[in-house]
Every structure is written in structure tokens, then in C-alpha cells.
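Trainee: Questions regarding the structure given below will be posed in turn.
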Amino acid sequence: MSAPFQVDLRGVVDLLSHHLYSGPRVYLRELIQNAADALTARLLLAPATAASAPPRITITPADVSPDGRFHLDDNGIGLTREDIDRFLVGIGSSSKPGAAASTQETFIGHFGIGLLACFLVSETIELCTRHDDEEPTWRWTAHSSGTYSVTESDLPRLERGTVVSLEARPEHAHLVREDTVRELIHEFAAYLPHEIVLHTATGPEQIVRRHFPWQADVRGRPCGSALSRRAEVTDLCNDLLGFSPLDWIDLTDPETGLRGIAYLLPHPAGQHGSHRVYADSMLVGDRCESLLPPWAVFARAVVDADRLPLTANREGLHEGELLQRTRDRLGSQILSWLTRTAQTDPSRIRAFLDVHELTVKCLATAHDDLLDAVSRWLTFESTLGPVTLPQFAEKCQVLRYAATVDDFRQLAPVESAQGSSLLNGGGTHDGALILRYAQLTGVPTQLVHPTSLLTALDTPSPGEESSYLPLLDLAGRVLDRAGCDMVVRSFSPAAVPALLLSDRGARSSSCRDGAGRSDDGAWTELLGSLRADTDRPQFVLNSRNQSIRSLRGCEDPGLQSSIIEALYAYALVSGHHPLRPYESALVSRALPHLVSLAMAPGEDV
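When the letters of the sequence shown are read in order and numbered with full-length UniProt numbering, they come out as residues 1 to 605.
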């Protein structure tokens, strides 16, 4: 046995009208959309009537209307009695009459529920419509309670078309007044191809129709010169998005009939932005985040399309296969623009990269064509100064790089002094880009660790090295909590007295060493196993430095200890090492301690 659902019509009306839409302001957008579709249907089904009665939408705000109600009138196709029963009574039915229903892409609205938005501002909707000369004028009156009536109007319309009348609730009266109505027309319908007339307190006002830069103007003339188009494109961005663009990219998509512009932000963008979308020149929304790929954070788009999939309330984009295909194609167009511009317009791509280099680096790690095009523009920190990867590869033949910023800071002074070159691969995406570029071009790479530098430094002669053993033994005791090994090497520049060479693994190991010395029992055994195979940081004294040679011969252990702490503090700071609590305290006291020793009365320092 089957039976129909029992539907609470009032609840359905309330659900659709108050919960489907974002707010009561959309009532006018829905009415204008319905009127625009009626005009389109008339031009499609009765094109001969356009000459005698040009398509027109007339809006009368409540505060200038003789009866105190809001009215929106169109001279579109109108509805027959059968159309009313089919399209206005049946919630959810398509509202396109006759043969027009088979060509849905011609119309803005695709749901027969647009009129329900009027219940956001009014308890009652009155619609008077006439289809043609042989039809009477029908009055359809609907109430938010879920009831309606259809009668023949005692005031026949003189021409075909439809007028919708609303009496706003007190709390929404401002939405049907002249100032707000004008504002909403400009917000939602400024680009519609139909004439819109607003009745005002001073008489009829024709709303000036705007046009997109990719369209012919309102007089049918094509877009003008490159200079005038640049002005139009920039003005559109300022008016609709609120900023002057750094540059722009034209967008097209035949499958959805989309045309538009992706504007490039004049400042770095930290997150995915929103875009302004129109459907058949009617605003869908200005916060449509899913139009462009998530990586296109530097772009904000304004587009118009006639076949983009919309949500039920026509205020956003419906996620699905069609939107995904469209998004992918638009993303490809943006990538193509970046690649082409990098190849052909140096000043333009440089201006873009000055603002959005980090984002382009991220993209280039996954798109070889883009990397090939922009590699000569993307700069990296190096011991040679700011340099591109092609420049570094040409000079050095090997892409030698440090994996982190801290490693680069430790290595750079010594590498430079010894005539070696090094890239900083620690910047966001820099390491991945270096490896990707190497794969693309075949240039070899070499990852340089701070601890590996020790093997490249000269070892003093056995006799000289043994002369430093007492000093190294004392340094090991003074810096016991630092968890590092003490060595002496000979290296340039001689002005550098000491280095601390460590990578992240070594620093972690020394942290565990310190913890192990303060813990007992099972923890000691566990921490010992963790550090068994981990290199310790190396505190390197430079035997070429005159101060180090003098320190070797000092016979005051107390003074030697203070200087060792100061040297370790110097190595920490000059190498940009992160400081643990013990090291922070050591850095804070090292210099004051030396000063106090130097100033102590009777002391021969």
C-alpha cells in the first residue's frame, strides 16, 4: 500500500522563504530575475512584439506608490491560467512557460521558488498577469500561511506582462523604500541587458545599464582601444572589489559560457579569497570562494556565465563535476598567463613576483613548465648574494645548499672565506624548488650539513694540536652542560675565533644529553640509546685566530673559563643558534663577567 506524504504547507513555505535565502534583501533580486526571465521568454517565443513594446522592468517603491505598496512590473511573456496552476501553485516546479522550459540555459532562474523570497518581507504576495490579447488578466494572491487564490482581475492590464505587489511588514518597510530599492537594483541588476525604470518622488528614473569590459557597450559598439580597456578593467576592479589591481588575466570557459577577469592583488594574500559571480549578468554572489583553485590566492575574479551550476537559492556555486572542470580550466589559464608572461614580459613578471614570489615558488614545485619559465626570475639567498638558480648553476656547476636557514647562517661565513658558494634552501619552498630544478635541468646537487664542514677544515699539525689539549679539556668541563665536543681546527677567516657546528639532530641530541645528566634510572638508559647514533655539536676553536693562540698560553684557569664561556656565547649568537635556557643564561652573563674581571682592582688581566 502506498500513500502520499502529509505536508505542512505553512512549514514548507516558512522553510523555503526564511531559511533558504541569506536575508530579506534578496527579495528584489528574485523578483528582477523572474522579470528578466519573462522578458527573455517573450523575446524567444514572440520576437515580433519587441519592436512595438521594448522589454522593460518598472519598479515603484512603496514610499512613492499611490497605494503604499511596492510594485515590480514587467512586459514579459505573462502567464496563462494553466501556467499559474502549473508554476505558481506547485512549489518546486520549473517556472518557464511553454517551449521555453526546454531551454533552461537561456534563463537566470532554474527553480520555481523565487517568489517565495517575497515572504521574507511581506505576509502576502499579489501577482497580476496577462499572457496575450486573448487572455484575461489573472490575479494570484498567496499568503504566508500556505493558502492562495486565483481570480480574474477587475482591473485588466493594457499589455501583456506581470506585476508583483507587496505590502512590507513594519520591520522590513525600509527594504521597499526608494533609497534601498535603488541601492539593491545597482547591487544585483546593474549589468542586466534590459531597461529598468525606477519611479521616484521626482518622476521616472532610468537606471543606467553598465557593461562588463568583455562586452560590447550598451549601444552595441565593441570594446575600444587597449588604453580605454585598461581603464575599464581597472575601474571595474575598483568599483566591485575595492582595490586597484596589480595586473589582470582574461578568463573564458565555453562549456559554461563564462567570461571574466582574474585580478591580481597588489599585496601578498595569506588565504584563499572570494570572487564575484554573475549569472546572465545578474549577481549571484560576491563571496564565491570555489570558483578558482585554492592555490590562486593572489587572484580575485569577476565573471559572468550562463551555465555555471548554482545552489538552490542562487547565491552561490553548486559543487560538482561541472564546477570542478571549470575550476581546473580557469586554473590552467592562470598558469598559462604566468608562464607566458615570464617568457615574454620581464617587467610585468618582475612586478608580479615582487609581491607574490612565495606563491609562485609553491606553484613551480608542481608545474615544470612554470618553473622553467620563472626560474630566471626567482631569487635565492646565497653566499654570492641574491641569485637565481640558473645563475648559481652556471657559476658553480653544482647546486650546493643548506637545508635550513639556521644551517645556512652557520655555514655562510666559513664557506665564503674558503671560496665556496652555498644556497639557502631553508626558505619556504626553496629546498623543494632547488631539487625540482635539478631534476628538470640535470644539474647535480649537494646538501651541506654544518657537521660535515668539520672534515673540510684544516687540522693543525700533531704538535700544535697537542698544545691545545689542556685548553680543550678545560673547555669540555666548563661547557659540560652544553653537550658538545671540543675540537681545534685551522680555517679562514682568521677573524672568527670559534664556531659551533650543529644540525637539528645534533642539537636535539645535546638537549637529551643535558636531560640524561639530570635524570636517573630507566630514563638514563633510554636517553642513552636515543643518542647512541647521533652526532654531537662541535665547538671549534680557530688556531689561526690570535686571541685563541693567546688563550692557549694563559695561565689563569678562571680567566680562561670566563673567556671560553664568552667564546661559546659568541658562537651561539653569530651562528644564529636557538638558545636553550642554560645557553640563554650563559650568553647573558658572559660579557658582564669578563668586564667585572677586567675592572676588578688589583687584578692583572
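Heads up, the beta-carbon is just placed ideally off N, CA and C, and yes, glycines get one too.
1) Reducing DSSP to helix, strand and coil, say where Trp295 ends up.
2) Leu597: which of Ala571, Ser584 and Leu559 sits nearest, CA to CA?
3) Please confirm whether Asp304 and Tyr278 have their CB atoms less than 9 Å apart.
4) Compare the C-alpha of Pro266 against each of Pro493, Gly78, Glu357 and Gly483 and name the closest.
5) DSSP has Glu152 in a bridge; who is on the other side?
6) What first and last residue would you give for the alpha helix (DSSP H) that runs through Arg230?
7) Which one of Leu454, His211 and Val374 has the shortest CA to CA distance from Leu335?
8) Can you tell which of Leu469, Leu474, Trp214 and Pro581 has the C-alpha that lies nearest to the C-alpha of Arg489?
9) Can you tell me where the alpha helix (DSSP H) holding Trp248 begins and where it ends?
10) Just reading off the alpha helix (DSSP H) that Phe188 is part of, what are its end residues?
11) Rounding to the nearest angstrom, what Cα-Cα distance links His174 and Val26 in this structure?
12) Pick helix, strand or coil for Gly285, following the three-state DSSP scheme.
13) May I have the straight-line CA-CA distance separating Val208 from Ile84, to the nearest angstrom?
14) Give a yes or no on whether 9 Å exceeds the smallest Cβ distance from Phe70 to chain D.
15) Would you decide whether Leu501 is buried or exposed? Buried here means 16 or more other CB atoms lie within 10 Å of its CB.
16) Using alpha carbons as the reference points, say which of Gln33, Val233, Arg56 and Pro592 lies closest to Leu184.
17) With contact counted as at least three CB pairs below 8 Å, one residue from each stretch, are the stretch 146-158 and the stretch 184-202 in contact?
18) Got a sec, what are the start and stop residues for the alpha helix (DSSP H) Ser165 sits in?
19) How about Glu167 and Arg10: do their beta carbons lie closer than 9 Å?
20) CB-CB under 8 Å to Leu474, same chain, minus the five flanking residues each way: which ones, in chain order?
21) Please give me, in chain order, every unbroken run of the beta strand (DSSP E) with length at least 3 that falls completely inside the stretch 38-64.
22) Determine, using beta carbons only, whether Ala432 and Trp377 come nearer to each other than 9 Å.
23) Taking only the alpha-carbon atoms, compute the straight-line gap between Val218 and Phe392 and give it to the nearest angstrom.
24) So, are the CB atoms of Ala498 and Leu541 less than 9 Å apart?
Mentor: A quick look at the data gives this:
1) Trp295 falls in the coil class under three-state DSSP.
2) Among Ala571, Ser584 and Leu559, the Cα nearest to that of Leu597 belongs to Leu559.
3) Their beta carbons are under 9 Å apart, which means Asp304 touches Tyr278 by this criterion.
4) Ranking the options by Cα distance to Pro266, first place goes to Glu357.
5) Under DSSP, Glu152 shares a beta bridge with Trp138.
6) Unbroken alpha helix (DSSP H) run through Arg230: Ala226 to Leu240.
7) Here the closest residue by C-alpha is Val374.
8) Among Leu469, Leu474, Trp214 and Pro581, the Cα nearest to that of Arg489 is on Leu469.
9) Note, Trp248: premise wrong, no alpha helix (DSSP H); beta strand (DSSP E) at Asp247 to Asp253.
10) Residue range Glu178 to Ala189 is occupied by the alpha helix (DSSP H) that includes Phe188.
11) His174 and Val26: Cα-Cα distance of roughly 14 Å.
12) Gly285 falls in the strand class under three-state DSSP.
13) Taking the straight line joining both Cα atoms gives about 33 Å.
14) Among the chains in the structure shown there is no chain D, since it carries only a single protein chain.
15) Around the Cβ of Leu501, a 10 Å sphere holds 16 or more other Cβ atoms; the residue is buried.
16) Measuring from the Cα of Leu184, the nearest candidate turns out to be Gln33.
17) No: fewer than three Cβ pairs fall under 8 Å.
18) Segment Gly161 to Ala168 is the beta strand (DSSP E) holding Ser165; no alpha helix (DSSP H) there.
19) At the C-beta level, Glu167 and Arg10 stay beyond 9 Å of one another.
20) Counting only Cβ-Cβ distances below 8 Å, and skipping sequence neighbours, we find Pro557, Gln560, Ser561 and Ile564.
21) Segments of the beta strand (DSSP E) lying fully in the stretch 38-64: 56-60.
22) Trp377 sits away from Ala432, with the two beta carbons spaced by 9 Å or more.
23) Confidence at Val218 is low in this model, with a pLDDT of 44, below 50, so the placement of that residue should be treated as unreliable; the coordinate-derived value is given next. For Val218 and Phe392, the distance between alpha carbons rounds to 55 Å.
24) Yes, these two residues count as a Cβ contact at 9 Å.
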